[in-house]
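Sequence order for the protein chains is D and B.
Per this note's numbering, the very first residue in the first sequence carries number 372; after that it's consecutive.
Per this note's numbering, the very first residue in the second sequence carries number 751; after that it's consecutive.
Worksheet for the structure shown next.
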Amino acid sequence: EAGVAQSPRYKIIEKRQSVAFWCNPISGHATLYWYQQILGQGPKLLIQFQNNGVVDDSQLPKDRFSAERLKGVDSTLKIQPAKLEDSAVYLCASTIQGANTEAFFGQGTRLTVV
Amino acid sequence: KNQVEQSPQSLIILEGKNCTLQCNYTVSPFSNLRWYKQDTGRGPVSLTIMTFSENTKSNGRYTATLDADTKQSSLHITASQLSDSASYICVVSPPRTGTASKLTFGTGTRLQVTL
Numbered sequence: 372e373a374g375v376a377q378s379p380r381y382k383i384i385e386k387r388q389s390v391a392f393w394c395n396p397i398s399g400h401a402t403l404y405w406y407q408q409i410l411g412q413g414p415k416l417l418i419q420f421q422n423n424g425v426v427d428d429s430q431l432p433k434d435r436f437s438a439e440r441l442k443g444v445d446s447t448l449k450i451q452p453a454k455l456e457d458s459a460v461y462l463c464a465s466t467i468q469g470a471n472t473e474a475f476f477g478q479g480t481r482l483t484v485v
Numbered sequence: 751k752n753q754v755e756q757s758p759q760s761l762i763i764l765e766g767k768n769c770t771l772q773c774n775y776t777v778s779p780f781s782n783l784r785w786y787k788q789d790t791g792r793g794p795v796s797l798t799i800m801t802f803s804e805n806t807k808s809n810g811r812y813t814a815t816l817d818a819d820t821k822q823s824s825l826h827i828t829a830s831q832l833s834d835s836a837s838y839i840c841v842v843s844p845p846r847t848g849t850a851s852k853l854t855f856g857t858g859t860r861l862q863v864t865l
């Protein structure tokens, strides 16, 4: 079974630039999550999709972050414009259905904003 | 205040030794508690998952315990190996409400196993 795929693995950008991350969840997984993990901290949920609908985006900084999952499969997360404090690992995870099933994580995209 | 607190923040042990990591949570009610292992530069990988009615769950050299009364969990690693060097994250989820998932992550314990 293929795991959660994310790209790119690493990205370095200057502040005020824009960046996009891509995630392809495990086939058949209806629920997709984007997390932000700052160095030394646990992951923080940014947004949760159920199929192509947003379930929870309460912690997404909507002035600069956006995400979509148009066809209910893969997803993109965008930051525009980036700030220094956005430097983090962005993790994508998927589950078959909701919270009571195991979440499978991708390897993450390490973003450095300089 | 974080709803899931882990201790110690970091730990260094010799190869072959045992260690125990702690997780205290305030998430209530809760549905299940999981321990994840996160190698440097990788995404977290699930080690164990316990529902509120389970007291212990083992996965090879990893044994997790849960005391729902005191809201504490521990992860015990037996006969540590160099490959155990990683961050260990405790994750608590409440009962599912609709399709929303409120996984609450601890900040992790950074374990280093040395020769």
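Note that CB positions come from ideal geometry on N, CA and C, so glycine has one too.
Keep in mind that this is a model prediction, so the values were computed, not measured.
Contacts of residue i in chain D (Cβ-Cβ under 7 angstroms)
i	result
R792 of chain B	Q478
G858 of chain B	G413
L771 of chain B	The premise fails here: L771 of chain B is roughly 14 angstroms from chain D at the closest Cβ pair, so nothing lies under 7 angstroms.
DSSP-derived helix/strand/coil call for residue i
i	result
E804 of chain B	coil
D817 of chain B	strand
D834 of chain B	helix
T789 of chain B	Note that residue 789 of chain B is Asp in the sequence shown here, rather than Thr. Residue state, collapsed to three classes: coil.
D457 of chain D	helix
I799 of chain B	strand
V777 of chain B	coil
V390 of chain D	strand
G858 of chain B	coil
R811 of chain B	coil
R380 of chain D	coil
G424 of chain D	strand
I467 of chain D	coil
I409 of chain D	coil
Q753 of chain B	coil
Integer-rounded CB distance, given that residue j should sit under 8 angstroms from residue i
i	j	result
T483 of chain D	S458 of chain D	5 angstroms
P432 of chain D	R387 of chain D	Contact flag wrong, Cβ pair sits at about 15 angstroms.
K767 of chain B	S835 of chain B	Not a contact, Cβ separation roughly 13 angstroms.
L441 of chain D	N423 of chain D	6 angstroms
C773 of chain B	C840 of chain B	3 angstroms
Y786 of chain B	S796 of chain B	6 angstroms
Below-7 angstroms beta-carbon distance, residue i vs any chain C residue
i	result
S757 of chain B	Annotation note: the requested chain C is absent from the structure, which comprises protein chains D and B.
Within chain B, the residues that residue i reaches when beta carbons sit closer than 9 angstroms
i	result
L462 of chain D	G793 and P794
Proximal chain B residues relative to residue i, where beta-carbon distance stays under 7 angstroms
i	result
E473 of chain D	S796 and I799
L417 of chain D	In chain order: nothing, as chain B lies at least about 12 angstroms away.
Same chain only: Cβ atoms within 7 angstroms of residue i, ignoring 5 sequence neighbours per side
i	result
P844 of chain B	V777, P779, F780, S781 and K852
L832 of chain B	E765 and V863
P379 of chain D	T480
I827 of chain B	N768, C769, R811, Y812 and D834
Spatial neighbours of residue i in its chain, beta-carbon cut-off 8 angstroms, leaving aside the 5 residues before and after
i	result
I397 of chain D	E372, A373, G374, V375, S465 and F475
I384 of chain D	V390, A453, L482, T483, V484 and V485
Same chain, Cβ closer than 6 angstroms to residue i, five either side skipped, listed in chain order
i	result
I799 of chain B	N782 and R784
K449 of chain D	A391 and S437
N395 of chain D	A376 and D445
Q419 of chain D	Y404, V426 and D427
Chain D contact residues for residue i, given Cβ-Cβ distances below 8 angstroms
i	result
I762 of chain B	Here the premise fails: no neighbours, minimum Cβ distance about 16 angstroms.
Closer than 9 angstroms at the beta carbon, the chain D residues around residue i
i	result
T855 of chain B	Rather than Thr, the amino acid found at residue 855 of chain B in this sequence is Phe. Those within 9 angstroms of F855 of chain B in chain D are Y406, Q408, Q412, G413, P414, K415 and L416.
Inter-stretch contact at 8 angstroms, needing at least 3 Cβ pairs: the stretch 405-414 of chain D / the stretch 851-865 of chain B: Yes, the stretch 405-414 of chain D is in contact with the stretch 851-865 of chain B.
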